[in-house]
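Here's the structure, in structure tokens; my notes come after.
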Amino acid sequence: MDDQQRMMHNQGQMANTNVLNQYGIPQQGDDPSDQRKQEIGDILQQIMTITDQSLDEAQARCRKHTLNCHRMKPALFSVLCEIKEKTVLSIRNSQEEEPPDPQLMRLDNMLIAEGVAGPEKGGGSSAAANATAAASGGQPDSAIEHSDYRAKLAQIRQIYHTELDKYEQDGSEIKNSDYEAKLAQIRQVYQTEYGKYEQACNEFTTHVVNLLREQSRTRPIAPKEIERMVGIIRKKFAAIEMQLKQSTCEAVMILRSRFLDARRKRRNFSKQATEVLNEYFYSHLSNPYPSEEAKEELARKCQITVSQVSNWFGNKRIRYKKNIGKAQEEANMYAAKTAAAAAANVGGGHDGQGAAGYNLGSSQSGMGGGGMYMNLNGDNYQSSDNSVNTLRHVMPQSAGYSNDSMHNSYDQPQVSQAHRSHAGSPIDRKPDDSSDSLQGTFMQSLDPADPGYYDQIEKNPKV
DNA sequence: AATGATGATTAGCG
DNA sequence: CGCTAATCATCATT
125 MDDQQRMMHN QGQMANTNVL NQYGIPQQGD DPSDQRKQEI GDILQQIMTI
175 TDQSLDEAQA RCRKHTLNCH RMKPALFSVL CEIKEKTVLS IRNSQEEEPP
225 DPQLMRLDNM LIAEGVAGPE KGGGSSAAAN ATAAASGGQP DSAIEHSDYR
275 AKLAQIRQIY HTELDKYEQD GSEIKNSDYE AKLAQIRQVY QTEYGKYEQA
325 CNEFTTHVVN LLREQSRTRP IAPKEIERMV GIIRKKFAAI EMQLKQSTCE
375 AVMILRSRFL DARRKRRNFS KQATEVLNEY FYSHLSNPYP SEEAKEELAR
425 KCQITVSQVS NWFGNKRIRY KKNIGKAQEE ANMYAAKTAA AAAANVGGGH
475 DGQGAAGYNL GSSQSGMGGG GMYMNLNGDN YQSSDNSVNT LRHVMPQSAG
525 YSNDSMHNSY DQPQVSQAHR SHAGSPIDRK PDDSSDSLQG TFMQSLDPAD
575 PGYYDQIEKN PKV
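Numbering (our numbering), first residue to last: 125 to 587.
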């Protein structure tokens, strides 16, 4: 079997040499035309076997040399060049000057906008413009296969994904600096790869150009054809460039969306955390500015970050203050209602407890709207025993807090009283609060001396 | 879905 | 840098 195959193979090769015979062309005859045919047949045989011949370097050089020295060579060469020129030109005309790829342009724009490509503060410029510069001093023999580049791109993707995974591991806390670092990393990778890409492209081009120039001595290759070849190579490489840019864009987009997601997603703190924070806030109401250590402590207790604690206190302070006006309004409304109810149903006004509580707080604590707001707004806060205790600390004078008899009688006037009363009785004494001396700081804006204070009041025309 | 509560972000101040 | 005030985006409740 094996032998037979080989035989047949050999036969096939033989067939090449006898191809004419197979087509019934007589190999020999008296006819002069037969002789010509014989000659042609020989030539054809030579041509057909030429592909089977392997040339070693020396041989090739030798043949090239003899060819170059052939007397007919220049004439033949010019004719061939002419013919080729024509065909090349016709090809060229058909695919003239295509516009730059819009997709590539978009990618470029995005990369520049994201600061990945283009002029950059940190240097490492992406010598992109050099792409058009024809030959560089690269070594011609370091041709790089496209497949190599495919593999490299896969590698790049891998890197991105690893980075992004790492990024994701960071989980809840993603900082601006992280984002910038990652972006810088992407930029770095991109620019390195782009540099490599460019180098490879140039090297490959140079290699091909040199090869063609070399061959143009033995083969009819016009400069224009070389040019065209370069164009083709560029086009092929552009596909790779596109992939690189696309991957980079993708990576940036993912990074971006992750970052924004993390930034925007809001998670409520646990009830317990809110509890702890409120406790601290209300027990330091006179100076609700935790020190760095206190913040750390709170952060630990609440399982949140220090910056979250800071955010929380910032929000709390501002909202606490802000709500005083509203709280008053609401409390007054409520008070009015309660008063009406009380008037209608003397002695049975237990429903009005809430409102009564606010008013008591505001009028008796000497904290103006502050105390009032606390009761009104400290919803979750009120639910805890600790909080109530704290509250008492804040408003020690609300001994009447649970005194129903008082608010019924004071409901109406208390609103105005509240304003007056605290002017006379400078804010509470907190028995266990060492920070009372710092009173002014936070609550100052509630002081009648503060214009802001009156602003708040004025927002409440119903009194 | 409309609304309020709430954590995060931002500009601007000292 | 830490703070306030305004604002955004989402959660939670109705």
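We put the CB at the ideal spot given by N, CA and C, even for glycine. Note that the structure is a prediction, hence the values are computed from the model and not measured.
Next item on the list: Report all residues from its chain with a CB closer than 8 Å to the CB of VAL376; omit the five preceding and five following residues, and keep chain order.
Entry: MET234, LEU235, GLU238, VAL240, LEU307 and ILE310
Next item on the list: Count the other C-beta atoms from every protein chain shown that fall within 10 angstroms of the C-beta of THR329, then say buried if there are 16 or more, exposed otherwise.
Entry: buried
Notebook entry, point to check: What is the DSSP secondary structure of ASP176, reduced to helix, strand or coil?
Noted result: coil
Notebook entry, point to check: Which class does LEU200 belong to by DSSP, given the choice of helix, strand or coil?
Noted result: helix
Check: Do ARG337 and ILE350 have their C-beta atoms within less than 8 Å of each other?
Finding: yes
Note to self: Among the candidates ARG352, SER340, SER371 and ALA363, whose CA atom is the shortest distance from the CA of GLN315?
What the structure shows: SER371
Notebook entry, point to check: Taking C-beta to C-beta, are MET353 and VAL332 nearer than 8 Å?
Noted result: yes
Notebook entry, point to check: Nearest-angstrom Cα distance between ARG424 and LEU379?
Noted result: 29 Å
Check: How many whole angstroms separate the CB atoms of LYS369 and LEU228, which I take to be in contact at a CB cut-off of 8 Å?
Finding: 7 Å
Next item on the list: Report yes if the C-beta distance between PRO414 and ARG441 is below 8 Å; otherwise report no.
Entry: no
Item checked: Where the alpha helix (DSSP H) through ALA423 begins and ends -> 416 to 426
Check: Helix, strand or coil for ASP225 per DSSP?
Finding: coil
Checklist line | Beta-carbon proximity of TYR404 to LEU422, cut-off 8 Å | finding: yes
Check: For the alpha helix (DSSP H) that contains VAL240, what are its first and last residues?
Finding: Run containing VAL240: none; DSSP gives neither H nor E here.
Next item on the list: Consult DSSP for LEU600 and reduce its assignment to one of helix, strand or coil.
Entry: The structure shown does not extend to residue 600, since the chain is modelled only from 125 through 587, so no value can be given for it.
Item checked: For GLU181 and ILE345, the rounded distance between their alpha carbons -> 21 Å
Check: Between ALA418 and ASP225, what straight-line distance do the alpha-carbon atoms span, to the nearest angstrom?
Finding: 59 Å
Next item on the list: State the CB to CB distance for the pair LEU168 and CYS373, rounded to an integer number of angstroms; the pair is presumed to be in contact (CB under 8 Å).
Entry: Contact flag wrong, Cβ pair sits at about 56 Å.
Note to self: How far does the alpha helix (DSSP H) with ALA590 in it extend, from its first residue to its last?
What the structure shows: As displayed, the chain neither begins before 125 nor continues past 587, which places residue 590 out of reach and without an answer.
Checklist line | Rounded C-alpha distance that separates TYR318 from ARG343 | finding: 35 Å
Checklist line | Straight-line gap, GLN279 to VAL313 (C-alpha atoms, nearest Å) | finding: 11 Å
Check: Would you call GLU163 buried or exposed, if buried means 16 or more other Cβ atoms sit within 10 Å of its Cβ?
Finding: exposed
Note to self: To the nearest angstrom, how far is the alpha carbon of ASN402 from that of SER410?
What the structure shows: 13 Å
Next item on the list: Check each candidate in GLU322, ASN326 and ARG341 and name the one with the smallest Cα separation from HIS189.
Entry: ARG341
Note to self: My output table needs one value for LYS360: the three-state DSSP class, helix, strand or coil.
What the structure shows: helix
Margin query: Let's test the definition: count the other Cβ atoms within 10 Å of the Cβ of PRO223 and tell me whether it reaches 16, buried, or not, exposed.
Written below: exposed
Notebook entry, point to check: Taking all protein chains shown into account, do 16 or more other C-beta atoms lie within 10 angstroms of the C-beta of THR448, making it buried, or fewer, making it exposed?
Noted result: This sequence places Ile at residue 448; Thr is not what is there. The residue in question, ILE448, is buried, as its Cβ has 16 or more Cβ neighbours within 10 Å.
Next item on the list: Report the rounded CA-to-CA distance for ASP176 versus GLN282, giving the unit in angstroms.
Entry: 44 Å
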